[in-house]
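Report on the following structure.
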Amino acid sequence: MKIPCLDLLKSLSTYLATACFDLRGWEHASLKIGRDPSDPIPVLGLLWNKDEDNIFCDTAVLKCSSFDLTRRNVLSIVHKIFDSLCVLSPATLIPKLLIQRSWNLKIGWDTALPDDYQR
Numbered sequence: 006m007k008i009p010c011l012d013l014l015k016s017l018s019t020y021l022a023t024a025c026f027d028l029r030g031w032e033h034a035s036l037k038i039g040r041d042p043s044d045p046i047p048v049l050g051l052l053w054n055k056d057e058d059n060i061f062c063d064t065a066v067l068k069c070s071s072f073d074l075t076r077r078n079v080l081s082i083v084h085k086i087f088d089s090l091c092v093l094s095p096a097t098l099i100p101k102l103l104i105q106r107s108w109n110l111k112i113g114w115d116t117a118l119p120d121d122y123q124r
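Structure representation (structure tokens):
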């Protein structure tokens, strides 16, 4: 049985190689080549599970020890999330608004935010 995406992969790779475009790292839900299908694949800052065909965020990068909530820490956490598809916008909106509102406080980067901001 031929898989249409394999034919497309070969023809596109051959065609674009004539212009020195080296296409590599192809992944498709029906392809079972080269990697354990249960391992999530990084795609545009998110992870893709080919078996279940779902996209999720790696929250391990967001884990941190207890610290004072400062403008620097909030900004650092927000920018650890690369969300080019904007699927995580509902989750990243609150911290971004917190950063925006903290500008009006006119406090330093390492000064703890007031208690009402830490809720």
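Residues 6 to 124 (my numbering) are what the sequence shown spells out, left to right. Don't be surprised by glycine CBs; every beta carbon is placed ideally from N, CA and C. Quick caveat: nothing in here was measured; it's all calculated off a predicted structure.
**OP:** Taking residue 50 and residue 87 to be in contact with their CB atoms under 8 Å, please state how far apart those CB atoms are, rounded to whole angstroms.
**Re:** 3 Å
**OP:** With DSSP collapsed to three states, give me the class of residue 75.
**Re:** Reduced to three states, the DSSP call for residue 75 is strand.
Original post:
From the DSSP output, which residues share a beta bridge with residue 26?
Top reply: Under DSSP, residue 26 takes part in no beta bridge, so it has no partner.
**OP:** Could you check what DSSP says for residue 51 in three-state terms: helix, strand or coil?
**Re:** strand
Original post:
So the beta strand (DSSP E) residue 60 belongs to, where does it begin and stop?
Top reply: 59-61
**OP:** On a CA-only basis, which of 76, 82 and 57 is nearest residue 64? Give me that one, please.
**Re:** 82
**OP:** Decide if residue 76 is buried, meaning its Cβ has at least 16 other Cβ atoms within 10 Å, or exposed.
**Re:** buried
Original post:
Taking the continuous alpha helix (DSSP H) assigned at residue 96, which residues delimit it?
Top reply: 94-108
Original post:
If you run the structure through DSSP and keep just helix, strand and coil, what is residue 122?
Top reply: Helix, per DSSP.
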